[in-house]
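Numbering (my numbering), first residue to last: 13 to 422. Worksheet: one structure, shown below.
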Ligand SMILES: [Zn+2]
């Protein structure tokens, strides 16, 4: 019988821990925290360096943009973007072994796919990366309208669905085409951040024209907005950084700039349509597998280097909920932020009329201590979460594993 208010439990891990401790042992730890599903990273968009408290080799840097699982090259034969397999775990199928262990232990295994952010692909195939208003290609974010990017992603989805008996296909980085909140010169003002986060590549121009959206006109206006931003000194912006770090100017800006507002709306519709396409493909190959997706919080900035804002990252709980079985809000902050953002996410999902599982991701690393776990998890459940996910299994010290197990059994 489920305890802890009936909430389902998820946790996540990078494959290095499977290699270090052995998939059977990792899955046993996951089962001890009464987790229903373990999400294993299938590929990471940037080479994070990990310091892993329980791994025999504590310090490890991940391979950027390589598949942490064997790939079926024939599925990518028609695609420009070619997959690259892991060198660190060559000849091993860690995810496959984890699935075998999970079957015995009653733990579902999900694979986490980083969709529209991939440093390796963006650098190897610059024509597939986001093109900013000045015509420069990004080194990380991929254009979600680029046909090669979509072909590669659909081939990858088919590859993992045909290879593995997954519990959930777990989608991440949708799409977060964002200009950071800060640059070397200081704070980026909100109007520049808005237009600087849009893609104006030929694929987007074609897709927009087909949808009756004037992206050319929006591009011309974006360049004027860029020049207006340049006329305000960097030191002036920096002195106002407390006011400029939020979305202060953006409501009025969008009320006045309908062309830019239309582009933001169109992006949301394109991503919702993409998710629908993913569902269709999944249903033809593996109808029982669930589709999950991770979104940044609606209110607090996302935790990664770009400090993403949901609305600017083309993420909408309301728009995406109908396409998902499990919607994950990644709230790597304290209890009060969890209380606020989980409530907001829940309300948006309800307003969609759809009822996917709503899972709140909680931090179980860094400043979070084992004493914080019960409070964080209870707060998420009180705010309406059907499930909680603890991030992430490979970074947890033994007392953290114990604290999660205790909460799960309470
Ligand atoms: Zn584009």
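Quick reminder that beta carbons are idealized off the backbone N, C-alpha and C, glycines included.
Separation of residue 410 and residue 73 (C-alpha to C-alpha, rounded to the nearest whole angstrom) is 22 Å.
Distances between the C-beta of residue 215 and the heavy atoms of ligand 1 include at least one below 7 Å. Residue burial is scored here from C-beta neighbours: residue 129 has at least 16 other C-beta atoms within 10 angstroms and is therefore classed as buried. Pairwise C-beta distances place the region 234-248 in contact with the region 196-213, as three or more of them are shorter than 8 Å. Here residue 59 is exposed: its Cβ has fewer than 16 other Cβ atoms, across all protein chains shown, within 10 Å. Looking from the CA of residue 77, the closest CA among 329, 20, 94 belongs to 94.
Unbroken alpha helix (DSSP H) stretches of 4 residues or longer found wholly inside the region 135-213: 159-175, 202-208, given in chain order.
Secondary structure note for residue 121: it is in no alpha helix (DSSP H), and the uninterrupted beta strand (DSSP E) holding it is 120-126. Taken atom to atom, the span from the alpha-carbon of residue 193 to that of residue 113 is near 42 Å. Just measuring C-alpha positions, the residue of 178, 276, 270, 117 sitting nearest residue 190 is 276. Taking 3 residues as the minimum length, the beta strand (DSSP E) runs contained wholly in the region 27-84 are 49-53, 61-63, 71-73, in order along the chain. Residue 375 is bridged by DSSP to 403.
Assignment of residue 417 by DSSP, reduced to helix, strand and coil, places it in the helix class. Taking 7 Å as the cut-off, the C-beta of residue 275 does not count as close to any heavy atom of ligand 1. In the DSSP assignment, residue 340 forms a beta bridge with 306, 371. Here residue 21 is bridged, per DSSP, to 400.
CA-CA distance, residue 371 to residue 339, rounds to 6 Å.
Considered as a whole, the region 85-122 harbours no complete run of any beta strand (DSSP E) with no fewer than 3 residues. For the region 219-248, the continuous alpha helix (DSSP H) assignments of 4+ residues that do not extend past its boundaries occur at 227-242, in sequence order. Ranked by Cα distance from residue 382, the options 319, 186, 419, 399 are led by 419. Pairwise C-beta distances place the region 330-348 out of contact with the region 84-91, as fewer than three of them are shorter than 8 Å. Spanning the alpha carbons of residue 61 and residue 251 requires a straight line of approximately 33 Å. One thing to note: residue 38 has its Cβ no nearer than 8 Å to the Cβ of residue 327. In this structure, residue 108 places its C-beta atom within 8 Å of the C-beta atom of residue 176. DSSP places residue 355 within a helical segment (H, G or I) once states are collapsed to three.
Burial check for residue 151: the Cβ neighbour count within 10 Å stays below 16, so the residue is exposed. Burial state of residue 264 is exposed, judged by a 10 Å Cβ sphere holding fewer than 16 other Cβ atoms. Under the 10 Å beta carbon count, residue 394 is surrounded by fewer than 16 other beta carbons and is classified as exposed. In the displayed model, residue 129 falls within a strand according to three-state DSSP.
Within the same chain, and ignoring the five residues on either side of residue 314 in sequence, the residues whose Cβ sits closer than 6 Å to its Cβ are 308, 320.
Its chain contains 207, 208, 210, 212, 231, 234, 235, 238 as the residues whose beta carbon lies nearer than 8 Å to that of residue 145, once the 5 sequence neighbours on both sides are disregarded; these appear in chain order. Here DSSP, grouped into helix, strand and coil, assigns residue 387 to helix. Between residue 27 and residue 106, the beta carbon gap of about 5 Å places them in contact (Cβ cut-off 8 Å).
DSSP places residue 327 in no alpha helix (DSSP H); its state is neither H nor E.
According to the DSSP assignment, residue 253 belongs to the alpha helix (DSSP H) that extends over 253-256.
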